[in-house]
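Notes to accompany the following structure.
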Amino acid sequence: MNEYLIEFFQKNFSYEVSDFVLNIIIFVIMIGSAFAVYYIVKYVLTKVIKKVVSRTKTNIDNIFFQEGVFHWLAHISPALVILAFSNYYTGYAFIFQKIAFIYITYSIIMSINSILRSITQIVETNTKTKHKPVKGFIQLIQIILFSIGGIIIVGILIDKSFAVLLSGIGALAAVLMIIFKDTLLSLTAHIQISANNMIKKGDWITFSKYEADGTIKEMNLNTIKVQNWDNTFTYVPTWAFITDSFINWKGMENSGGRRIKKHINLDVDSFKPINDEIKESIKNIEHYKDFIKGKNLKEYTNLSLFREYTEYYISKHENINDKMIMMVRYLQNEGKGLPMEIYAFSKEKSWVIYEGVQNKIFQYIYSIIPYFQLKVYQYPSNQIIDEN
């Protein structure tokens with residue numbers, strides 16, 4: 001075809017005109033062929049693969065299709081057409097060859113990148129692997145992929161091999177270490193986090209330094225995305241999970257209960273031995289008969305009896321795990337009344353339900369304090385001061 005066109009134009013036009021017109025015609029044919037081949041290949045790939053994908057039961061091939069893996073593979077076809085036509089341009093063949101090789105390299109890189117995105121989506125949608133921190137490793141591979149692709153493209157432009165360019169980059173290693181310092185630190189941290197199973201997507205963490213208190217939503221190479229309980233987001237550097245201290249509540253969630261640890265400050269001036277009024281009054285409390293059985297009340301004060309009753313009441317509570325540590329104890333008096341601490345574990349670990357259990361327990365305990373002729377310590381109010 002090329003020889004026929006050359007012979008035709010040389011007979012009918014001058015050399016300069018025939019050469020120019022011939023190049024224009026070949027260029028138009030080349031571009032037209034490239035577009036035609038691209039759309040044909042894309043149509044065939046899209047239609048054929050879509051039919052195959054729709055017939056399979058697995059969702060994996062659907063993800064590869066949706067992420068555009070085959071779309072980018074179709075982009076290689078027009079570059080091959082340009083490469084084939086480049087031989088018609090004896091003086092400019094190298095330009096079209098460079099363009100074709102660069103576009104092929106770019107298309108392959110984007111195809112691999114689509115595969116990596118597909119793998120991320122497959123892992124994150126699988127119930128067995130969705131908590132694995134794979135996204136950070138995929139991002140690292142993507143960085144390496146685009147870096148290698150960039151080096152190859154630069155090598156094509158300046159006619160240097162990949163090995164030569166790679167050896168030259170060694171001289172810039174110190175600069176690159178500074179530029180990618182956080183990325184390298186995050187990579188090291190990501191490996192340690194994954195190896196030690198320190199955190200995973202869905203874990204509830206508290207990181208006071210970064211004011212993060214909520215659920216991990218994303219684990220990227222450089223940052224961990226935490227959705228706080230007020231629905232705000234905090235982005236914590238990945239390396240911070242290795243260098244700083246944080247709390248992972250996973251242990252609590254996997255255990256038999258969530259800790260209740262609160263105290264009531266009792267007024268020291270209200271402590272007294274058990275008298276007849278107290279004996280009559282406490283008959284109104286829950287579980288009285290079972291609790292009082294076998295006790296010599298002469299040996300008790302209202303404080304000691306109240307502490308033992310509180311411990312007994314908690315041990316019988318349906319929402320308290322009696323197989324875990326449970327006690328009621330006195331804390332150090334610091335001039336604000338005597339703190340009596342309740343230490344137990346709720347069977348309910350969900351935040352809202354847990355708070356409800358805790359509230360009901362303390363509401364009841366506060367309500368029976370007067371039966372023991374005890375008083376809760378509180379700072380004097382303005383009304384009390386005025387009355388005095």
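Here the sequence shown stands for residues 1 to 388, where the numbers follow full-length UniProt numbering. Cβ atoms here follow ideal geometry from the backbone N, Cα and C, with glycine treated the same way.
{"Item": "Cross-strand partners of V376 (DSSP beta bridge)", "Value": "L266"}
{"Item": "As assigned by DSSP and simplified to three states, the class of K201", "Value": "coil"}
{"Item": "At least 3 beta-carbon pairs within less than 8 Å: the segment 238-246 vs the segment 258-270", "Value": "no"}
{"Item": "As assigned by DSSP and simplified to three states, the class of M110", "Value": "helix"}
{"Item": "V123 versus K201, L185, A84, P237, residue with shortest Cα-Cα distance", "Value": "K201"}
{"Item": "Helix, strand or coil at I385 according to DSSP, with G and I counted as helix", "Value": "Unreliable placement is indicated for I385, whose pLDDT of 46 sits below 50; the coordinate value is still reported in the next sentence. I385: helix per DSSP, three-state reduction."}
{"Item": "Whole-number beta carbon distance between I199 and I205, since they are thought to touch under 8 Å", "Value": "6 Å"}
{"Item": "First through last residue of the alpha helix (DSSP H) which encompasses I138", "Value": "134-158"}
{"Item": "Separation of I26 from T183, as counted between CA atoms", "Value": "48 Å"}
{"Item": "Any 3 or more C-beta pairs closer than 8 Å across the segment 302-322 and the segment 217-235", "Value": "no"}
{"Item": "Cβ-Cβ distance between G312 and D276 below 9 Å", "Value": "Note that residue 312 corresponds to Tyr in the displayed sequence, not to Gly. Not closer than 9 Å, so no."}
{"Item": "Limits of the unbroken beta strand (DSSP E) element including T215", "Value": "212-219"}
{"Item": "Length of the line joining the Cα atoms of S255 and K209", "Value": "26 Å"}
{"Item": "Buried or exposed (CB count within 10 angstroms, at least 16 for buried), R258", "Value": "buried"}
{"Item": "Between the CA atoms of K250 and I284 - distance to the nearest angstrom", "Value": "According to the sequence as given, residue 284 is Asn; it is not Ile. C-alpha separation (whole angstroms): 41 Å."}
{"Item": "Residues bridged to M327 [DSSP beta-bridge criterion]", "Value": "Y343"}
{"Item": "Closest Cα partner of I76 within the set V41, I325, E334", "Value": "V41"}
{"Item": "Under the three-state DSSP convention, the category A283 falls into", "Value": "Note that residue 283 corresponds to Lys in the displayed sequence, not to Ala. Looking at K283 - three-state DSSP - the assignment turns out to be helix."}
{"Item": "Run of the alpha helix (DSSP H) containing I63, from where it starts to where it stops", "Value": "60-66"}
{"Item": "Strand pairing of K261, partner residues [DSSP]", "Value": "Y343"}
{"Item": "Among M340, N359, W72, P78, the one whose alpha carbon lies nearest that of D110", "Value": "The identity of residue 110 in the sequence shown is Met, whereas the question assumes Asp. The shortest Cα separation from M110 among M340, N359, W72, P78 belongs to W72."}
{"Item": "Same chain, Cβ closer than 8 Å to Q383, five either side skipped, listed in chain order", "Value": "Bear in mind that a pLDDT of 49 at Q383, under 50, signals an unreliable position, so the number given afterwards is only what the model happens to contain. Contacts found: none."}
{"Item": "Burial state of N302, where buried means 16 or more other Cβ atoms lie within 10 Å", "Value": "buried"}
{"Item": "Span of the alpha helix (DSSP H), counted from its first residue to its last, around I365", "Value": "351-368"}
{"Item": "Buried versus exposed, by CB contacts within 10 Å (16 or more), M327", "Value": "exposed"}
{"Item": "Test: M198 CB closer than 9 Å to a CB of chain C", "Value": "The chain inventory of the structure shown lacks chain C, comprising one protein chain alone."}
{"Item": "Alpha carbon of N87 to alpha carbon of F35, nearest angstrom", "Value": "19 Å"}
{"Item": "Candidates F345, I264, G356, L80: closest to I102 by CA position", "Value": "L80"}
{"Item": "Three-state secondary structure assigned by DSSP to Y15", "Value": "Low confidence applies to Y15: its pLDDT is 49, below 50, so where it sits in the model is not reliable enough to give any reading."}
{"Item": "Supposed contact pair I264 and M340 - C-beta distance, whole angstroms, cut 8 Å", "Value": "5 Å"}
{"Item": "Cβ contact (3+ pairs, closer than 8 Å) linking the segment 219-237 and the segment 317-324", "Value": "no"}
{"Item": "Local conformation of T56 per DSSP, three classes", "Value": "coil"}
{"Item": "Status (buried if at least 16 other CB within 10 Å, exposed otherwise) for V376", "Value": "exposed"}
{"Item": "Closest residue to N62 among I158, Y106, Q121 (Cα-Cα distance)", "Value": "Q121"}
{"Item": "Closer than 8 Å: I95 CB and nearest the ligand ZN heavy atom", "Value": "With respect to small molecules bound, the structure shown includes none, and the ligand ZN cannot be examined in it."}
{"Item": "Whether I314 touches I274 by CB criterion (9 Å)", "Value": "no"}
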